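Structure record follows, encoded as structure tokens.
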Amino acid sequence: MYISITELLSSAKQQLLHAGVETDYYELRVLLAEALGTDVVNLPLRETEADAKQIENFYFMLSERQKHKPIDKIIGRRGFYKYDFIVNTNVLSPRPDTEILVENAISAIKKNNCKNILELGVGSGCVISSILADVPDINGVGVDKSPSALEIAQKNAEILGVAKRLKLYEADWFCEDFLSLVTEKFNIIVSNPPYISKQELSELDKEVILYDPIIALDGGEDGLESYRKISILAPNLLTEGGLIFLEVGENQADDVISVFEASGMHFHGIYKDLSGIKRCISMKK
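Numbering (my numbering), first residue to last: 46 to 330.
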């Protein structure tokens, strides 16, 4: 059967608006392209041939979007940095702002000829796998307390061809024996820890609070709980002169710097995202 792309997308947009879900035609084209087994670039603008199963798939994805499920969680992947990553509701969807963390960590690794890297809270693996893919002579370790997240991280590492250089461990940095589980010293640590305060959690969009794991969001009463714990661990995990790069929430940079300085670490840098927000900091042992 032949379908009109324009009419189908227009009808879909109206359905979503009626359900209180704001969207644009590009997002809808992504869903339709997925249902038709093509990509957005090759999606026709007028008519195309589609079978009943493909149309059924599109309307199923549309029904998921009506529940405020994000596009990437519907199609099961998301672009980040230079690569595509598998995602689901067990991992935080990669945000463009986090690319600042990746870019500056890579710059430091190349400048200092670093040999190994640790990620605390590996999630989907988008950060450490992107770094390993861009720096082929470095090895990595990633830890996360979620076994479901580690499964996704392993798959993404395999897709990017970095699995042989990445060891993944199930561990919780709040456990007293964490340093007995992770005993290696690292030149670089990266982390995008939970940094949403209790109050801010209640104000998050449905797309986030319903479909991103709460453990990847909840930063405690003031959003700084994980930073305090990591600041205690970092001096024990870094080599002398080693660096830690951390993503931080809006207006948190100065507070996080103070937390790490209280643990004996030294300020190294602040990096702004495309909106001019202080999104990443680095500290030196």
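Glycine included, C-beta positions come from ideal geometry on N, C-alpha and C.
Treat the numbers as computed from the prediction; the structure is a model and nothing was measured.
Burial state of residue i, where buried means 16 or more other Cβ atoms lie within 10 Å
{"i": "Thr154", "result": "In the sequence on display, residue 154 carries Ile and not Thr. It is buried - the Cβ of Ile154 has at least 16 other Cβ atoms within 10 Å."}
{"i": "Phe105", "result": "exposed"}
{"i": "Thr228", "result": "exposed"}
{"i": "Leu146", "result": "buried"}
{"i": "Pro238", "result": "buried"}
{"i": "Ser152", "result": "exposed"}
{"i": "Pro115", "result": "buried"}
{"i": "Met46", "result": "exposed"}
{"i": "Glu295", "result": "exposed"}
{"i": "Lys243", "result": "exposed"}
{"i": "Asp222", "result": "exposed"}
{"i": "Ile173", "result": "buried"}
{"i": "Glu144", "result": "buried"}
{"i": "Leu319", "result": "exposed"}
{"i": "Gly287", "result": "buried"}
{"i": "Asn149", "result": "buried"}
{"i": "Phe219", "result": "exposed"}
{"i": "Phe125", "result": "buried"}
{"i": "Lys118", "result": "buried"}
{"i": "Val304", "result": "buried"}
{"i": "Ala198", "result": "buried"}
{"i": "Ala279", "result": "buried"}
{"i": "Ala57", "result": "buried"}
{"i": "Lys334", "result": "The requested residue 334 is not part of the displayed model; the chain covers only 46 to 330."}
Beta-bridge partners of residue i, as assigned by DSSP
{"i": "Val186", "result": "Leu163, Lys212"}
{"i": "Glu92", "result": "Ser49"}
{"i": "Ile316", "result": "According to the sequence displayed, residue 316 carries Tyr and not Ile. Answer is Cys325, bridged to Tyr316."}
{"i": "Tyr128", "result": "Phe125"}
{"i": "His311", "result": "Lys329"}
{"i": "Ser236", "result": "Leu165, Leu291"}
{"i": "Ile241", "result": "Asp263"}
{"i": "Phe231", "result": "Leu283"}
Own chain partners of residue i with C-beta closer than 6 Å, once the 5 adjacent residues on each side are dropped
{"i": "Asp179", "result": "Ile151"}
{"i": "Leu77", "result": "Phe103"}
{"i": "Leu224", "result": "Asn281"}
{"i": "Pro181", "result": "none"}
{"i": "Asn184", "result": "Asn161, Arg210"}
{"i": "Glu79", "result": "Ile120"}
{"i": "Gly194", "result": "The sequence shown places Ala at residue 194, rather than the Gly named in the question. Asn135, Val136, Gly168."}
{"i": "Asp84", "result": "Ala78"}
{"i": "Lys212", "result": "Val186"}
{"i": "Glu196", "result": "none"}
{"i": "Glu94", "result": "Tyr47"}
{"i": "Ala202", "result": "Gly170, Ser174, Ala208, Leu211"}
Integer Cβ distance of residue i from residue j, believed to fall under 8 Å
{"i": "Cys171", "j": "Pro139", "result": "4 Å"}
{"i": "Lys330", "j": "Glu292", "result": "Going by Cβ atoms, the distance from Lys330 to Glu292 rounds to 19 Å, so no, they are not a contact pair."}
{"i": "Val167", "j": "Gly187", "result": "3 Å"}
{"i": "Ile234", "j": "Ile176", "result": "Going by Cβ atoms, the distance from Ile234 to Ile176 rounds to 12 Å, so no, they are not a contact pair."}
{"i": "Ser327", "j": "Gly314", "result": "4 Å"}
{"i": "Asp257", "j": "Glu215", "result": "Going by Cβ atoms, the distance from Asp257 to Glu215 rounds to 20 Å, so no, they are not a contact pair."}
{"i": "Leu54", "j": "Leu81", "result": "Contact flag wrong, Cβ pair sits at about 12 Å."}
{"i": "Leu61", "j": "Tyr128", "result": "No, Leu61 and Tyr128 are not in contact; Cβ-Cβ is about 29 Å, not under 8 Å."}
Beta-carbon contacts of residue i that lie in its chain and below 8 Å, excluding the five residues immediately before and after
{"i": "Arg91", "result": "Ser49, Ile50, Thr51"}
{"i": "Pro192", "result": "Glu215"}
{"i": "Ile241", "result": "Leu249, Leu262, Asp263, Gly264, Gly268, Gly294"}
{"i": "Leu163", "result": "Gly185, Val186, Gly187, Val188, Val227, Glu229, Phe231, Ile233, Ile234, Val235, Leu282"}
{"i": "His311", "result": "Met328, Lys329, Lys330"}
{"i": "Glu252", "result": "His113, Lys114, Pro115"}
{"i": "Val75", "result": "Val85, Ile116, Ile120"}
{"i": "Asn87", "result": "Ala78"}
CB contact check: residue i to chain C, cutoff 8 Å
{"i": "Leu54", "result": "Here chain C cannot be found, since the structure has a single protein chain."}
Touch test, the region 56 to 73 against the region 106 to 119, Cβ-Cβ under 8 Å, three pairs minimum: yes
At least 3 beta-carbon pairs within less than 8 Å: the region 267 to 286 vs the region 115 to 132: no
Cβ pair count under 8 Å reaching 3, the region 252 to 272 against the region 293 to 303: yes
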